[in-house]
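Working notes, structure below.
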Amino acid sequence: MKPDRKDAGLRAALLSYPTALLVFAFVIPMGIMFVSSFYHRTETYYERGFELTHYLRTFDWLYIKAMWTTVKLSTIAATIAVLLAFPFTYFMSGYSRRVQTVILVVVLGVLSLSEVIVAFSWSNALSRPAGISNFFVWLGFMERPASWARGLPAVLIALSYFNLSIAILMLYPHCTRLDPSYVEAARTMGTSPARSMFKVVIPILRKPLIATWIVLFVFTMGAVVTPQWLGRPDQWMLAVHISKQAVELGNIPFASALSIVFLLVTIAMVLVANRFADKS
Amino acid sequence: MEAPPGRGLSPILSTGVALTELILSNIGKKFGSFTAVREANLRLDDGSFVCFLGPSGCGKTTLLRLIAGLEIPTAGEILVDGADITRLPAHRREIGMVFQSLALFPHLNVEENVAYGMRLRKMRKDQALRKARELLELVKLPHIAKREITELSGGQRQRVAIARALALQPKLFLLDEPLSALDANLREEMQVELKQLQRRLGVTTVMVTHDQSEAMTAADVIVVMSAGRIEQIGHPLDVYQHPANRFVAGFVGANNLIDGVRIKDATSVECFGESLRVEHMQTDVQAGSDVTLSIRPEDVELTETTDGENIVRGQVSFVRDLGFEVEAYVMVGDVRLTAKWMPKADPTIREGDTVGLFLDPSDIRVHLS
Chain A
99 MKPDRKDAGL RAALLSYPTA LLVFAFVIPM GIMFVSSFYH RTETYYERGF
149 ELTHYLRTFD WLYIKAMWTT VKLSTIAATI AVLLAFPFTY FMSGYSRRVQ
199 TVILVVVLGV LSLSEVIVAF SWSNALSRPA GISNFFVWLG FMERPASWAR
249 GLPAVLIALS YFNLSIAILM LYPHCTRLDP SYVEAARTMG TSPARSMFKV
299 VIPILRKPLI ATWIVLFVFT MGAVVTPQWL GRPDQWMLAV HISKQAVELG
349 NIPFASALSI VFLLVTIAMV LVANRFADKS
Chain B
14 MEAPPGRGLS PILSTGVALT ELILSNIGKK FGSFTAVREA NLRLDDGSFV
64 CFLGPSGCGK TTLLRLIAGL EIPTAGEILV DGADITRLPA HRREIGMVFQ
114 SLALFPHLNV EENVAYGMRL RKMRKDQALR KARELLELVK LPHIAKREIT
164 ELSGGQRQRV AIARALALQP KLFLLDEPLS ALDANLREEM QVELKQLQRR
214 LGVTTVMVTH DQSEAMTAAD VIVVMSAGRI EQIGHPLDVY QHPANRFVAG
264 FVGANNLIDG VRIKDATSVE CFGESLRVEH MQTDVQAGSD VTLSIRPEDV
314 ELTETTDGEN IVRGQVSFVR DLGFEVEAYV MVGDVRLTAK WMPKADPTIR
364 EGDTVGLFLD PSDIRVHLS
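So the sequence lines, in the order shown, correspond to chains A and B.
For the first sequence, this note's numbering assigns the number 99 to the initial residue and increments by one for each residue that follows.
For the second sequence, this note's numbering assigns the number 14 to the initial residue and increments by one for each residue that follows.
If you want it as structure tokens, here you go:
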């Protein structure tokens with residue numbers, strides 16, 4: 099009897115682990131944030147209370163615009179990354195194992211760089227004194243070096259760049275596991291190699307492609323450093339405003355309210371994207 | 014009394030099933046320094062069913078892929094009805110192929126899979142789907158047209174893959190170990206069905222297999238391959254009864270191989286220290302050269318006596334009665350011979366018995382070592 103009971107206890111403990119982690123890592127912090135979004139802001143800090151002022155303030159045109167910018171930039175950056183990463187990964191899966199490993203190590207290396215380093219590198223690479231424009235001048239395409247380090251293109255390049263590594267790593271197992279007979283079968287039925295990409299490969303990999311897009315989209319939504327360093331204020335994404343409220347101004351209740359709204363919008367977008375994945 | 018190929022089918026299927034002649038001439042294929050196929054010569058007649066038979070890695074799948082256009086040969090040429098298609102890419106050849114993994118498209122349902130090639134050729138959707146239904150009827154699966162591929166059993170997938178490969182009325186019907194994923198009973202059933210289907214349609218067919226009974230069931234012609242080389246081409250029974258060499262003798266069907274035999278003269282060999290008479294001696298062998306004998310288990314006869322012409326003595330080491338046949342292992346010296354007979358013949362023998370084995374001179378085959 100005794101060992102049985104011990105086993106049952108162990109089983110229960112192991113099975114409750116996911117729930118416990120979920121509660122401690124997600125539910126409790128979210129709960130605290132949710133509650134504090136209703137608190138009252140004071141001159142110095144904040145105190146307990148219940149008011150909807152912070153939520154009303156999120157409807158300020160500034161934040162609606164920032165939210166729109168966030169969704170727009172995340173959508174574009176995720177799409178660019180998937181469009182670039184998919185053909186790369188698909189053709190790479192035809193290389194020898196050793197070459198694949200080298201490529202994956204390089205890609206993983208890029209991923210190990212923090213957003214700070216990526217943003218800094220791109221701001222340098224797009225700047226006037228040390229940037230790529232000098233190279234174009236040298237080639238004779240341009241008259242004098244230019245600064246591209248601030249603005250929409252710079253933000254999109256840096257965001258997509260970071261996403262590219264994630265996209266490659268996410269698509270890699272699906273591309274290598276894809277049975278080459280699918281394309282061959284399509285060929286024996288008259289599909290040219292180029293056409294089989296659109297008739298067979300992409301439709302079969304639709305779900306992983308959309309899943310990858312969703313992950314990239316969510317990652318990009320939370321970008322802070324890149325838009326702040328490489329963008330002008332009208333390219334500031336919502337997370338920049340949230341960090342400004344929380345860190346610089348100490349307005350925790352408002353930052354919380356913005357975060358909750360932000361979270362809801364993100365979830366809504368993911369649900370919409372998921373619809374596309376399930377539809378056949 | 015067989016109906017001519019193509020008769021009795023709906024017009025949509027019977028018209029355009031053109032009989033096709035395929036010629037492979039000195040085909041070779043190298044992958045880097047590895048030679049997968051060497052000097053393959055083969056001529057397939059109109060409407061015949063050919064099996065490439067051999068162990069894994071013998072080049073049979075490569076040869077099939079060369080015919081399909083999925084690989085391009087490094088030597089030789091391929092002719093279909095007189096036209097050189099050696100370098101024609103797969104999507105321009107009129108072939109239908111069933112892959113080992115079947116490769117049914119998971120994003121399409123059953124009828125869409127079958128209709129895929131027709132839709133690609135801009136056939137109207139309702140027309141393509143109607144023809145897909147007819148093809149599914151041909152493989153006895155008209156009721157599953159709307160199902161997803163993941164909902165099908167192994168046998169159903171098999172049939173859908175066959176229907177899809179036949180949809181475009183290919184000149185050549187190619188199958189790469191199509192039945193290997195099925196369990197034994199279903200596989201035998203499908204072998205028979207495949208053969209009957211092919212006979213009805215009359216389409217020239219090439220199937221790759223490593224299973225000799227599958228090859229014997231389905232094929233009009235068997236091409237036995239080993240190490241990239243064609244070892245023998247012939248009618249199944251002919252290959253079984255007159256294997257061209259030691260490899261074929263050992264690979265096609267169960268066989269007793271006796272090595273270390275020496276030629277005595279034009280009609281006899283020295284084996285187990287005795288002189289054995291053999292009828293089928295190749296003419297070019299010299300007295301004193303080493304050869305291998307082969308004799309089928311069903312041709313090894315147990316005798317009462319242990320003396321006499323072409324009788325060798327041995328000790329029974331194992332007996333098993335399978336109901337439909339009895340099999341015994343007999344040690345002759347350190348060579349194990351297998352004998353098989355119908356249970357009704359019923360010589361009662363036990364393990365440990367000393368028995369005589371009669372090796373009929375007309376059943377012994379002689380292979381140069």
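A virtual CB, placed ideally from N, CA and C, is assigned to each residue, including glycine.
* Asked: If you check the beta carbons only, do L372 of chain B and G327 of chain B fall under 7 Å apart?
  -> Counted from its first residue, the second sequence places residue 372 of chain B at position 359. Counted from its first residue, the second sequence places residue 327 of chain B at position 314. Cβ atoms of L372 of chain B and G327 of chain B: not closer than 7 Å.
* To do: Within the same chain, show all residues whose beta-carbon is closer than 6 Å to that of L192 of chain B, passing over the 5 residues directly before and after it, in chain order.
  => Within the second sequence, numbered from 1, the residue matching residue 192 of chain B stands at position 179. For L192 of chain B, where only same-chain residues beyond five positions count, the Cβ hits under 6 Å are R200, M203.
* Where P185 of chain A and H120 of chain B are concerned, what is the direct C-alpha to C-alpha distance, given to the nearest angstrom? -> Here the question's residue 185 of chain A lines up with position 87 in the first sequence. Here the question's residue 120 of chain B lines up with position 107 in the second sequence. Their backbone Cα atoms lie some 20 Å apart in a straight line.
* Asked: What are the complete alpha helix (DSSP H) segments, minimum 4 residues, inside the stretch 118-184 of chain A?
  -> Runs of the alpha helix (DSSP H) inside the stretch 118-184 of chain A: 126-134, 151-155.
* Let me know the secondary structure DSSP gives L110 of chain B once reduced to three states. => Residue mapping note: residue 110 of chain B aligns to position 97 of the second sequence, counting from 1. Leu is not the amino acid found at residue 110 of chain B; the sequence shown has Met there. Reduced to three states, the DSSP call for M110 of chain B is strand.
* With C-beta atoms as the reference, is L142 of chain B less than 7 Å away from A128 of chain B? -> Taking the first residue of the second sequence as 1, we reach residue 142 of chain B at position 129. Taking the first residue of the second sequence as 1, we reach residue 128 of chain B at position 115. In this structure, L142 of chain B places its C-beta atom within 7 Å of the C-beta atom of A128 of chain B.
* To do: Check each candidate in B:N198, B:R160, B:A145, B:E164 and name the one with the smallest Cα separation from I175 of chain B.
  => For the purposes of this step, residue 175 of chain B is taken as the residue at position 162 of the second sequence. When each option's Cα is compared against that of I175 of chain B, the closest is B:A145.
* Inter-residue spacing [alpha-carbon to alpha-carbon] between V265 of chain B and K42 of chain B -> Numbered from 1 along the second sequence, position 252 holds the residue referred to as residue 265 of chain B. Numbered from 1 along the second sequence, position 29 holds the residue referred to as residue 42 of chain B. Spanning the two alpha carbons is a distance of roughly 25 Å.
* Report the rounded CA-to-CA distance for L35 of chain B versus V93 of chain B, giving the unit in angstroms. => Here residue 35 of chain B is taken as the residue at index 22 of the second sequence, counted from 1. Here residue 93 of chain B is taken as the residue at index 80 of the second sequence, counted from 1. Cα-Cα distance, rounded: 5 Å.
* To do: Closer than 8 Å by beta-carbon distance: list the chain B residues that pair up with Y280 of chain A, in chain order.
  => Reading the first sequence from its first residue, position 182 is the one you call residue 280 of chain A. Chain B residues near Y280 of chain A: A116, F118.
* Asked: Thinking C-alpha only, which one of A:K170, A:F315, A:I365, A:Y153 is nearest D332 of chain A?
  -> Taking the first sequence and counting its residues from 1, the one referred to as residue 332 of chain A is at position 234. Of the listed residues, the one whose Cα sits closest to D332 of chain A is A:K170.
* Own chain partners of T156 of chain A with C-beta closer than 7 Å, once the 5 adjacent residues on each side are dropped -> As a working mapping, residue 156 of chain A is identified with position 58 in the first sequence. Around T156 of chain A: A355, L356, V359.
* Smallest Cα separation from D366 of chain B: which of B:K184, B:V329, B:G45, B:S281? -> Here residue 366 of chain B corresponds to residue number 353 of the second sequence, with the count starting at 1. Of B:K184, B:V329, B:G45, B:S281, the residue nearest in Cα terms is B:V329.
* Whole angstroms is fine: what's the gap from F260 of chain B's alpha carbon to I308 of chain B's? => Sequence index remark: in the second sequence, residue 260 of chain B carries index 247 (1-based). Sequence index remark: in the second sequence, residue 308 of chain B carries index 295 (1-based). C-alpha separation (whole angstroms): 13 Å.
* Answer yes if the stretch 64-83 of chain B comes into contact with the stretch 46-54 of chain B, meaning at least three C-beta pairs across the two stretches below 8 Å, and no otherwise. => These segments touch.
* Asked: Would S172 of chain A be called buried (16 or more neighbouring beta carbons within 10 Å of its own) or exposed?
  -> Working through the first sequence from its first residue, we reach residue 172 of chain A at position 74. Around the CB of S172 of chain A, 16 or more other CB atoms lie within 10 Å, so the residue is classed as buried.
* To do: Could you tell me whether the Cβ of M110 of chain B comes closer than 7 Å to any Cβ of chain A?
  => Here residue 110 of chain B corresponds to residue number 97 of the second sequence, with the count starting at 1. So yes, M110 of chain B belongs to the interface.
* **chain B within 7 Å of I215 of chain A, Cβ atoms only** => Here residue 215 of chain A refers to the residue found at position 117 of the first sequence. Chain B contact via Cβ: absent.
* May I ask which residues mark the beginning and end of the alpha helix (DSSP H) holding F374 of chain A? => By 1-based counting over the first sequence, the position of residue 374 of chain A is 276. Per DSSP, F374 of chain A belongs to the alpha helix (DSSP H) from 350-376.
* **Nearest-angstrom Cα separation, counted from K163 of chain A out to T364 of chain A** => Position 266 of the first sequence, counting from 1, holds the residue named residue 364 of chain A. Position 65 of the first sequence, counting from 1, holds the residue named residue 163 of chain A. Rounded to whole angstroms, T364 of chain A to K163 of chain A spans 15 Å at the Cα level.
* Asked: Quick one: is L83 of chain B near chain A, going by C-beta distance under 7 Å?
  -> As a first step, residue 83 of chain B must be located in the second sequence, where it is residue number 70. In terms of beta-carbon proximity, L83 of chain B lines the interface with chain A, with at least one pair separated by less than 7 Å.
* Of all Cβ atoms in chain B, is any one closer than 7 Å to the Cβ of F374 of chain A? -> Position 276 of the first sequence, counted from the start, is the residue given in the question as residue 374 of chain A. No, because no Cβ of chain B sits closer than 7 Å to the Cβ of F374 of chain A.
* To do: Kindly indicate if chain A contains any beta-carbon less than 7 Å away from that of G9 of chain B.
  => Residue numbering for chain B in the displayed model covers 14 to 382; residue 9 of chain B lies beyond these limits and cannot be assessed.
* Do we get a CB-CB distance below 7 Å when we pair S290 of chain A with the residues of chain B? -> What you label residue 290 of chain A is simply residue 192 of the first sequence in a count that begins at 1. Closer than 7 Å to some Cβ of chain B, the Cβ of S290 of chain A qualifies, so yes.
* To do: Flag this pair as yes or no: are the beta carbons of G60 of chain B and G215 of chain B separated by less than 7 Å?
  => What you label residue 60 of chain B is simply residue 47 of the second sequence in a count that begins at 1. What you label residue 215 of chain B is simply residue 202 of the second sequence in a count that begins at 1. Yes.
* Should A128 of chain B be flagged as near chain A, meaning a C-beta pair shorter than 7 Å? -> The residue labelled residue 128 of chain B in the question sits at position 115 within the second sequence. No, A128 of chain B lies away from the interface with chain A (no Cβ there is under 7 Å from its Cβ).
* Asked: What does a CB cutoff of less than 8 Å around M14 of chain B pick up in its chain, not counting 5 residues either side in sequence?
  -> The residue given as residue 14 of chain B occupies position 1 in the second sequence. Since pLDDT at M14 of chain B reaches only 37, below the 50 mark, its modelled position is unreliable, and no value is offered.
* Asked: Is DSSP giving N198 of chain B helix, strand or coil here?
  -> Working through the second sequence from its first residue, we reach residue 198 of chain B at position 185. Secondary structure at N198 of chain B: helix, using DSSP grouped into helix, strand and coil.
* Asked: Would you say I300 of chain A faces chain B, with C-beta separation under 7 Å as the test?
  -> The residue given as residue 300 of chain A occupies position 202 in the first sequence. Output row for I300 of chain A: interface = no.
* Asked: What is the DSSP secondary structure of V236 of chain B, counted as helix, strand or coil?
  -> Translated into the one-based positions of the second sequence, residue 236 of chain B becomes position 223. Residue state, collapsed to three classes: strand.
* Give the DSSP bridge partners of Q328 of chain B, in chain order. => Here the question's residue 328 of chain B lines up with position 315 in the second sequence. B:M344, B:T367, per the DSSP bridge assignment.
* Tell me, to the nearest whole angstrom, how far the beta carbon of G301 of chain B is from that of R333 of chain B; I am working on the premise that it is less than 8 Å. => The sequence position of residue 301 of chain B within the second sequence is 288, counting from 1. The sequence position of residue 333 of chain B within the second sequence is 320, counting from 1. G301 of chain B to R333 of chain B, Cβ: 39 Å. No contact.
* Specify, as a first and last residue, the run of the alpha helix (DSSP H) that D139 of chain B falls within. => As a first step, residue 139 of chain B is located in the second sequence; it is residue number 126 there, counting from the start. Membership of D139 of chain B in the alpha helix (DSSP H) is indicated by the continuous run 138-151.
* Asked: How would you list, in chain order, the residues of chain A whose beta-carbon sits under 8 Å from the beta-carbon of A103 of chain B?
  -> Locating residue 103 of chain B in the second sequence gives position 90, where the first residue counts as 1. Chain A residues near A103 of chain B: E282, R285, T286.
* Asked: From the beta carbon of L133 of chain B, is the nearest beta carbon of chain A less than 7 Å away?
  -> The residue given as residue 133 of chain B occupies position 120 in the second sequence. L133 of chain B counts as touching chain A.
* To do: Tell me, please, whether the stretch 235-250 of chain A touches the stretch 213-227 of chain A by the rule of three or more beta-carbon pairs shorter than 8 Å.
  => yes
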